[in-house]
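Participant: Handing you this structure, nothing more for now.
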Amino acid sequence: KKSGLARMDASISTKPKICRTCLEEKCDYFVLVTDAGHELSYKLSSCVPELNLSVARDAVVCVECTSMLESAYTFRLMCLDTEERIRMFTCRSQMQNCVELGDVVSVERRGVKKEVDKPMLDVFKTEE
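Shown next as structure tokens:
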């Protein structure tokens with residue numbers, strides 16, 4: 165899913181504001197109290213739960229920090245997805261100890277191949 169932030173232009177101001185995450189003065193930033201800012205706030209809280217976003221009034225996050233946050237959030241989601249795939253593999257395999265990651269990938273590939281091949285079988289069915 166693409167971020168709403170990528171579609172939104174950053175606020176550009178002649179008066180710089182201080183970024184909540186890097187404490188640098190910037191003219192290009194996202195305001196945290198907008199609709200897109202709520203998405204940004206969620207991602208910040210998700211990646212850095214120790215961050216108290218309510219401590220600063222009218223907080224902004226600069227474009228550079230927003231870009232780094234997007235990468236961190238995407239990385240976090242990828243890791244959580246991978247963890248879920250491994251968890252599902254261990255549940256199906258009823259394994260209690262370490263798994264071989266190659267086995268997880270192999271089983272997933274076989275599952276995808278079966279799903280792809282199945283519709284092809286319907287193409288070759290003969291009418292009776």
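Under the working numbering, the residue at position 79 of the sequence shown is numbered 243, and the numbers go up by one with no gaps.
We treat Cβ as the ideally placed atom computed from N, Cα and C, and that holds for glycine.
1. By how many angstroms is the C-alpha of phenylalanine 253 removed from the C-alpha of serine 209?
2. Output the boundary residues of the alpha helix (DSSP H) element that contains glutamate 248.
3. Rounded C-beta distance between aspartate 192 and valine 227? I'm assuming under 8 Å.
4. Cutting at 6 Å between CB atoms, please list the residues of its own chain near glutamate 272, excluding the five before and the five after it.
5. Out of Val268, Met259, Glu247 and Leu196, which one is the CA nearest neighbour of threonine 230?
6. Cβ of cysteine 211 within 7 Å of Cβ of arginine 240?
7. Could you name the residues that DSSP lists as bridge partners for lysine 181?
8. I want to see whether chain B comes within less than 7 Å of glutamate 189, judged by CB atoms only; does it?
Facilitator: So, to answer that:
1. 30 Å
2. 227 to 257
3. 5 Å
4. none
5. Leu196
6. yes
7. Lys190
8. Judged by its chain identifiers, the structure shown contains no chain B, having just a single protein chain.
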